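In the working numbering, the protein residues as written are 365 to 539.
A short write-up of the structure that comes next.
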């Protein structure tokens, strides 16, 4: 029964991240230079033990859903699949000395600020680089595109950090 519960929780998370992004967050733009890709929280905060095939399928489904809402022709799907592909590599790169526990999740309270900051910055920057370079289609306005990548990555990272601090449980050590 826990497998069905896990599936239902993930479907609810998917709908919540997409709904909040489409209905609220997508309207927030910083100086016509920064956009918040709030829906990435669904992929970034998946359980660490999620198999890569499942991550890739979820990434494609999420990206395609966002592409359907914004008529972006696969840009979100391509960048999200890249994020889903690179996530296990980044998790391996950041593996703690004792390794991950089977019950570990991506949680700033559990993994610590430094680990979470590096994890979030790496994956969000890689996603944004792919998205904005694909959107640009050339290297003609590279300076402006780099500015969009940086401001959007900071905006997205800050929004996802706030979500972590407000909605993810603080796990106390056993005493």
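Where a beta carbon is used, it is the ideal one built from N, C-alpha and C, also for glycine.
The model shown is predicted, which means the values in this text are computed figures rather than measured ones.
Reduced DSSP secondary structure (H/G/I, E/B, other) of residue 502
In the structure shown, residue 502 sits in coil (DSSP, three-state: anything other than H, G, I, E or B).
For residue 469, the residue or residues it bridges with in DSSP:
The partner list for residue 469 (beta bridge, DSSP) reads 411.
Residues of its chain near residue 394, where Cβ-Cβ distance is below 7 Å and the 5 sequence neighbours each way are ignored:
Correct list, in chain order: 515 and 519.
Rounded C-alpha distance that separates residue 377 from residue 391
Separation of residue 377 and residue 391 (C-alpha to C-alpha, rounded to the nearest whole angstrom) is 21 Å.
In terms of residue numbering, what span does the alpha helix (DSSP H) encompassing residue 534 cover?
Going by DSSP, residue 534 is part of no alpha helix (DSSP H) at all; its letter is neither H nor E.
What number of angstroms, rounded off, separates the C-alpha of residue 477 from the C-alpha of residue 454?
Whole-angstrom Cα-Cα distance: 16 Å.
Rounded C-beta distance between residue 419 and residue 408? I'm assuming under 8 Å.
Separation of the CB atoms of residue 419 and residue 408 is rounded to 11 Å, and the pair is thereby denied contact status at 8 Å.
With residue 387 as the anchor, note down where its alpha helix (DSSP H) starts and where it stops.
Segment 366 to 387, the alpha helix (DSSP H) holding residue 387.
Contact belief for residue 473 with residue 404 at Cβ below 8 Å, rounded distance in angstroms:
Contact annotation, residue 473 with residue 404: C-beta distance approximately 20 Å; criterion of less than 8 Å not satisfied.
Local Cβ density within 10 Å of residue 484, reported as buried at 16 or more and exposed below that
It is buried - the Cβ of residue 484 has at least 16 other Cβ atoms within 10 Å.
If you count every other CB in all the chains shown that lies within 10 Å of the CB of residue 373, and 16 or more means buried, which is it?
Around the C-beta of residue 373, fewer than 16 other C-beta atoms lie within 10 Å, and the residue is accordingly described as exposed.
Spatial neighbours of residue 387 within its chain, please: CB distance less than 7 Å, with the 5 preceding and 5 following residues excluded, ordered by chain position.
Answer for residue 387: no residue qualifies.
Cut-off 8 Å between Cβ atoms - residues of its own chain near residue 498, not counting five sequence neighbours on either side:
Correct list, in chain order: 439, 442 and 443.
According to the Cβ coordinates, are residue 494 and residue 447 closer than 9 Å?
In this structure, residue 494 sits near residue 447, with a CB-CB distance shorter than 9 Å.
Alpha helix (DSSP H) containing residue 431: first to last residue?
Taken as a continuous stretch (DSSP letters only), the alpha helix (DSSP H) holding residue 431 covers 416 to 434.
Does DSSP put residue 397 in a helix, in a strand, or in coil?
DSSP, reduced to helix, strand and coil, places residue 397 outside both helices and strands of the structure shown, so it counts as coil.
Please look up how many angstroms separate the CB atoms of residue 412 and residue 470, rounded, as I've assumed it's under 8 Å.
With 8 Å as the limit, residue 412 and residue 470 qualify as a contact, their Cβ atoms being about 7 Å apart.
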